[in-house]
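Take a look at the structure set out below.
Numbering (the working numbering), first residue to last: 2 to 238.
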């Protein structure tokens, strides 16, 4: 177990320290579940594509029992060096908890400060979003189906778009699952992402490796994501 934790820690260090061109990011479709009461977690991932590298750190906690609050930040590199590209504050709750062979319902909302780097310098804008979440369990949680329906207000374009997503988690073998999703907006082509999730330390450390792209796009849009999730024990005993 100690060896697995050391490997995970080394992987996180690699995610945050990579400076070469590739790309990665977390899953876009969310489930209708929150962390257990008095629990916290840390998600770290890198999104690698041919145009650059995006690094994320996203800590979150549930201190009230039914409200998971997260504060994520991403870093990117341009010609002048590393900079804070996105800062995201999000709250998530559930109205019906999912149980094996049943379903759950929840929602989330958040705000993102987005920084874009261009020839005329870095410009900041704000996005506000919300989603209705549903999750369905089949075969005693061996197959999970998630649906998202929401909206996002994009400050840079001054537009409001409907958003949607469909994802699943399918248990392949002990400690290894397939994860996949399709997602998009009411305008434009949808995207997809798929890969595997390994439980390095069950209920405490998970590793994701996924590949994604936009439907109908050429290879310039493809990316690979390497992510780690650390779940801490309960804060109160």
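Glycine included, C-beta positions come from ideal geometry on N, C-alpha and C.
As the structure is a computational prediction, the values presented were derived from the model and not from experiment.
Among the options, whose alpha-carbon lies nearest the alpha-carbon of residue i?
i, options, result
"residue 106", "35, 42 and 222", "35"
"residue 153", "94, 75, 183 and 162", "162"
"residue 193", "179, 127, 177 and 168", "168"
"residue 214", "199, 175 and 51", "51"
"residue 103", "137, 159 and 179", "137"
"residue 229", "220, 203, 235 and 216", "203"
"residue 66", "48, 92 and 27", "92"
So what's residue i in DSSP terms, helix, strand or just coil?
i, result
"residue 66", "coil"
"residue 51", "coil"
"residue 221", "helix"
"residue 207", "strand"
"residue 234", "coil"
"residue 138", "strand"
"residue 36", "coil"
"residue 27", "coil"
Could you tell me if residue i is buried or exposed, where buried requires 16 or more neighbouring beta carbons within 10 angstroms of its beta carbon?
i, result
"residue 218", "exposed"
"residue 159", "exposed"
"residue 1", "A question about residue 1 goes unanswered here, because the residues of the chain that appear run from 2 up to 238."
"residue 121", "exposed"
Roughly how many angstroms separate the alpha carbons of residue i and residue j, rounded to a whole number?
i, j, result
"residue 223", "residue 118", "21 Å"
"residue 141", "residue 60", "29 Å"
"residue 57", "residue 176", "24 Å"
"residue 97", "residue 109", "14 Å"
"residue 46", "residue 88", "15 Å"
"residue 191", "residue 182", "10 Å"
"residue 179", "residue 139", "15 Å"
With DSSP as the reference, identify every bridge partner of residue i, one or two as the case may be.
i, result
"residue 169", "146 and 181"
"residue 60", "43"
"residue 118", "123"
"residue 86", "Residue 86 is not bridged to any residue."
Taking 8 Å as the CB-CB cut-off, is residue i touching chain C?
i, result
"residue 127", "The structure shown contains no chain C, having only a single protein chain."
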